[in-house]
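Asker: Take a look at the following structure, please.
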Amino acid sequence: MTALRTGSRIPGNIASPSALSAALLQGICSSSRLLGNSNKYISTLRPSHSTSRTSIPSSWTQPILSSRRIPLVAGRNMSTFQRTKPHVNVGTIGHVDHGKTTLTAAITKVLAQAGGAEYRDYASIDKAPEERARGITINSAHVEYQTDKRHYAHVDCPGHADYVKNMITGAATMDGAIIVVSATDGQMPQTREHLLLARQVGVTSLVVFINKVDAVDDPEMLELVEMEMRDLLSEYGYAGDKVPIIKGSALCALEGRNPEIGEKAILELMKAVDDFIPTPVRDLEKPFLMPIEDVFSIAGRGTVVTGRVERGVITKGAEVEVVGFGPTQRTIITGVEMFHKELDRAEAGDNAGILLRGLKREQLRRGMVLAAPGSMTPHSKFLTQIYVLTKEEGGRHTPFTSAYKPQFFSRTLDISSALSWPDNEQGKKNDAEGKMIVPGDNVEMVCTTTMPIAVNEGLRFTVREGGKTVGTGVVTKVLE
């Protein structure tokens, strides 16, 4: 797999709920190797291929509303969000330039004609100047729409290798995904990596959209792309023979031409999403928990944090704790919103913006969590079970020893860490022998982070180095 540059940085003025951040990676759940006691699996990656690019018509680049989820602007009259349909989080993933953002815009256009969405053009999704100039998505963008059956929050993930960490942020919030593959290219490096990452963060249901079919004249080529995708899905532990695969052209849908592969294909895709991606069972009974994805200061209102509620429910006026990266802080929730609409309460699965009383932006950061008082504590040392990816799975080519220092990813945080042998007789023996940890090993190790973080037993995480996923694991015991 192509190495990723972890040193990449995007200017801080990019307006996105997912700007400039590393994010959640959890346990692998794919097709061939057992991960310790976590009963999860991992599969093999295929060799990389070359990429292609697509130009964006200037007619798409007329700016409209920002795609920030939570404006919380003082004095603005807002409607109240009505829970009349099940809420499901989906998103577009796949290789750079295969048409993920174009498809997102096409979905909103087609559904807007039926009153189920506000049309969002390409420029309002890829809204940052650098994104429009390069014709690629850098940060995950959020839009909403609804079908007859459901209300959807849709995250459009970047496909470029340099911004894969921002893709992880988006995938971490999904209940299901639409993987987009170009009919002209077939599967490509980030197609495979995004499938692996989707599995790691627990996305168990997928629908495939083969895009740009208007650019392919040979029906056998389309059949070959479909066969390859089904094989690839099976390789990663998905039901490759059952996953719906829709063929169409997002560009045709946007431009209102060739409806068989344009508008009708989009409607067929959304029917497949309705039918194949199950409505998730939300964990509403457990104490409230929301990993913080981004932090904003709103003039005249205060500080807003955004993220996806992981469990529980929360209402305006409730007391919560902010846990991680220092002393735990208590605050009161003074406002709750989702997609420019007020919420009576935020519940598990909601992409919410929460207004906090008495806290400044400087006191909050991505990777912290909002939690019900007393339900979460910060820790910096814990026992883990880790599976180390092989070279074929996109991991390291060489072994490493104890005191290895990768980046630790979980929920929305990333932090420097050190891995060492446990403090027991076997660990001491391994230290004394300088035992090497070889790609493919399944080992018990102690993880020590540079600062206390919100962690609990059963938490899934991933360690990365040099833009590669090195291993994935689960916390088995909190030590200190």
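All residue numbers for the sequence shown refer to this note's numbering, where the first residue is 803 and numbers rise by one.
Yeah, the Cβ is synthetic: ideal placement off N, Cα and C, and Gly gets one too.
Is it buried or exposed, Y924, if we count other Cβ atoms within 10 angstroms and call 16 or more buried?
Answerer: Start at 1 with the first residue of the sequence shown, and residue 924 comes out as number 122. The predicted model places Y924 with a pLDDT of 48, which falls under 50 and marks its position as unreliable, so this point remains unresolved.
Asker: Are P1175 and V1122 touching if we call contact CB-CB under 8 Å?
Answerer: Looking up residue 1175 in the sequence shown gives position 373. Looking up residue 1122 in the sequence shown gives position 320. In contact: P1175 and V1122 (Cβ atoms closer than 8 Å).
Asker: With three or more C-beta pairs closer than 8 Å as the rule, is the region 974-990 touching the region 889-907?
Answerer: Taking 8 Å as the limit for Cβ pairs, the verdict is that the region 974-990 does touch the region 889-907.
Asker: Using CA atoms only, rank isn't needed, just tell me which of V983, T1136, R1132 and D1225 is closest to E1246.
Answerer: If you number the sequence shown from 1, residue 1246 lands on position 444. Selected option, being the one with the closest Cα: D1225.
Asker: Using a 10 Å radius around the Cβ and a threshold of 16 neighbouring Cβ atoms, would you call E1164 buried or exposed?
Answerer: If you number the sequence shown from 1, residue 1164 lands on position 362. Looking at its Cβ environment, which holds fewer than 16 other Cβ atoms inside 10 Å, E1164 is exposed.
Asker: If you draw a straight line from the C-alpha of I1012 to the C-alpha of T949, how long is it?
Answerer: Position 210 of the sequence shown holds residue 1012. Position 147 of the sequence shown holds residue 949. Cα to Cα, the separation comes out at about 21 Å.
Asker: Restricting to runs no shorter than 3 residues, where is the beta strand (DSSP E) found entirely within the region 971-1005?
Answerer: Qualifying beta strand (DSSP E) stretches, in chain order: 979-984.
Asker: Is there contact between the region 1246-1266 and the region 1196-1216, where contact requires at least three CB pairs shorter than 8 Å?
Answerer: Touching, per the Cβ criterion.
Asker: Enumerated in chain order, which unbroken segments of the beta strand (DSSP E) with a length of 3 residues or greater are wholly contained in the region 1148-1209?
Answerer: Segments of the beta strand (DSSP E) lying fully in the region 1148-1209: 1153-1158, 1171-1173 and 1180-1190.
Asker: Could you tell me which uninterrupted beta strand (DSSP E) segments, each at least 3 residues in length, are contained entirely in the region 1058-1111, listed from first to last along the chain?
Answerer: Runs of the beta strand (DSSP E) inside the region 1058-1111: 1091-1093, 1096-1100 and 1104-1110.
Asker: In whole angstroms, what separates the C-alpha of D899 from that of V983?
Answerer: Within the sequence shown, residue 899 is the residue found at index 97, counting from 1. Within the sequence shown, residue 983 is the residue found at index 181, counting from 1. Roughly 9 Å between the two C-alpha positions.
Asker: Grouping DSSP H, G and I as helix and E and B as strand, with all else coil, what is E1267?
Answerer: One-based indexing of the sequence shown puts residue 1267 at position 465. Three-state result, E1267: strand.
Asker: Using only CA atoms, which one of I980, Y954, A955 and E995 lies nearest to G1269?
Answerer: For the purposes of this step, residue 1269 is taken as the residue at position 467 of the sequence shown. G1269 has its Cα closest to that of E995, out of I980, Y954, A955 and E995.
Asker: Measure the alpha-carbon distance for S1219 versus R1262 and round it to whole angstroms.
Answerer: Counted from its first residue, the sequence shown places residue 1219 at position 417. Counted from its first residue, the sequence shown places residue 1262 at position 460. Roughly 15 Å between the two C-alpha positions.
Asker: In whole angstroms, give me the CA-to-CA distance for H944 and V1277.
Answerer: Along the sequence shown, one-based indexing puts residue 944 at 142. Along the sequence shown, one-based indexing puts residue 1277 at 475. One C-alpha to the other measures close to 31 Å.
Asker: I1239 and V1190 look like a contact to me (Cβ under 8 Å); what is the Cβ gap, rounded to whole Å?
Answerer: Taking the sequence shown and counting its residues from 1, one reaches residue 1239 at position 437. Taking the sequence shown and counting its residues from 1, one reaches residue 1190 at position 388. Between V1190 and I1239 the Cβ distance is about 6 Å, and since that is below 8 Å, they are a contact.
Asker: From the DSSP output, read off the bridge partner residues of F1211.
Answerer: To locate residue 1211, count along the sequence shown from 1; it is residue 409. D1216 and T1264.
Asker: Per DSSP, which residues does T1251 bridge with? Please list them.
Answerer: Sequence index remark: in the sequence shown, residue 1251 carries index 449 (1-based). Paired residue(s): S1219.
Asker: According to DSSP, is L1145 helix, strand or coil?
Answerer: As a position in the sequence shown, residue 1145 is number 343, starting the count at 1. Three-state DSSP puts L1145 in coil, outside helix and strand.
Asker: For the alpha helix (DSSP H) that contains N1232, what are its first and last residues?
Answerer: Locating residue 1232 in the sequence shown gives position 430, where the first residue counts as 1. Element bounds for N1232: E1227 to E1235.
Asker: Taking K1237 as the reference, give the member of P1201, C1249, R1110 and P1208 with the closest Cα.
Answerer: If you number the sequence shown from 1, residue 1237 lands on position 435. Ranking P1201, C1249, R1110 and P1208 by Cα distance to K1237 puts P1201 first.
Asker: From this set, T1271, T1252 and A1173, which residue's C-alpha is nearest E1194's C-alpha?
Answerer: What you label residue 1194 is simply residue 392 of the sequence shown in a count that begins at 1. The shortest Cα separation from E1194 among T1271, T1252 and A1173 belongs to T1271.
Asker: Pull the bridge partners of F1011 from the DSSP assignment, please.
Answerer: By 1-based counting over the sequence shown, the position of residue 1011 is 209. According to DSSP, F1011 bridges with V982 and I1048.
Asker: For G1128, write down the residues that DSSP places opposite it in a beta bridge.
Answerer: Looking up residue 1128 in the sequence shown gives position 326. Partner(s): none; G1128 has no beta bridge.
Asker: Buried or exposed, going by whether 16 or more other CB atoms sit within 10 Å of the CB of D1096?
Answerer: Taking the first residue of the sequence shown as position 1, residue 1096 is located at position 294. The residue is buried, with at least 16 neighbouring Cβ atoms inside 10 Å.
Asker: Tell me, which residues are paired with R1113 by DSSP?
Answerer: Within the sequence shown, numbered from 1, the residue matching residue 1113 stands at position 311. Answer by DSSP bridge pairing, in chain order: L1091.
Asker: Is DSSP giving V957 helix, strand or coil here?
Answerer: The residue given as residue 957 occupies position 155 in the sequence shown. Looking at V957 - three-state DSSP - the assignment turns out to be strand.
Asker: Going by Cα to Cα distance, which pick from K1143, I1116, I1135 and L1166 is closest to G1128?
Answerer: Stepping through the sequence shown from its first residue, residue 1128 is reached at position 326. Of the listed residues, the one whose Cα sits closest to G1128 is L1166.
Asker: When you compare each of E1149, V1045 and E1022 to T1006 by their alpha carbons, which one comes out closest?
Answerer: Counting from 1 along the sequence shown, the entry for residue 1006 is found at position 204. Ranking the options by Cα distance to T1006, first place goes to V1045.
Asker: Who are the Cβ neighbours of I981 in its own chain at under 6 Å, not counting the five residues just before and after it?
Answerer: Sequence index remark: in the sequence shown, residue 981 carries index 179 (1-based). Excluding sequence neighbours, I981 sits near I895, G896, L1008 and V1010.
Asker: So is L847 buried or exposed if we call it buried at 16+ other beta carbons inside 10 Å?
Answerer: Position 45 of the sequence shown, counted from the first residue, corresponds to residue 847. Its pLDDT being 29, under 50, L847 is placed unreliably by the model, and nothing is read from it.
Asker: Which residues in the same chain have their Cβ closer than 7 Å to the Cβ of L1024, if we skip the five residues on either side of it in sequence?
Answerer: Here residue 1024 refers to the residue found at position 222 when the sequence shown is read from its first residue. Correct list, in chain order: A985, I1012, V1015, V1018 and K1049.
Asker: Assign E1037 to one of two classes, buried (16 or more other C-beta atoms within 10 Å of its C-beta) or exposed (fewer than that).
Answerer: As a first step, residue 1037 must be located in the sequence shown, where it is residue number 235. It counts as buried.
Asker: Tell me whether the beta-carbon of R1113 lies closer than 8 Å to the beta-carbon of D1085.
Answerer: Counted from its first residue, the sequence shown places residue 1113 at position 311. Counted from its first residue, the sequence shown places residue 1085 at position 283. Going by C-beta atoms, R1113 is nearer than 8 Å to D1085.
Asker: Could you give the DSSP three-state label for M1031: helix, strand or coil?
Answerer: Mapped onto the sequence shown, residue 1031 falls at position 229. Reduced to three states, the DSSP call for M1031 is helix.
Asker: What distance in whole Å lies between the Cβ atoms of F1141 and E946, which are believed to be in contact at a cut-off of 8 Å?
Answerer: Residue mapping note: residue 946 aligns to position 144 of the sequence shown, counting from 1. Residue mapping note: residue 1141 aligns to position 339 of the sequence shown, counting from 1. Yes, E946 and F1141 are in contact; Cβ-Cβ is about 5 Å, under 8 Å.
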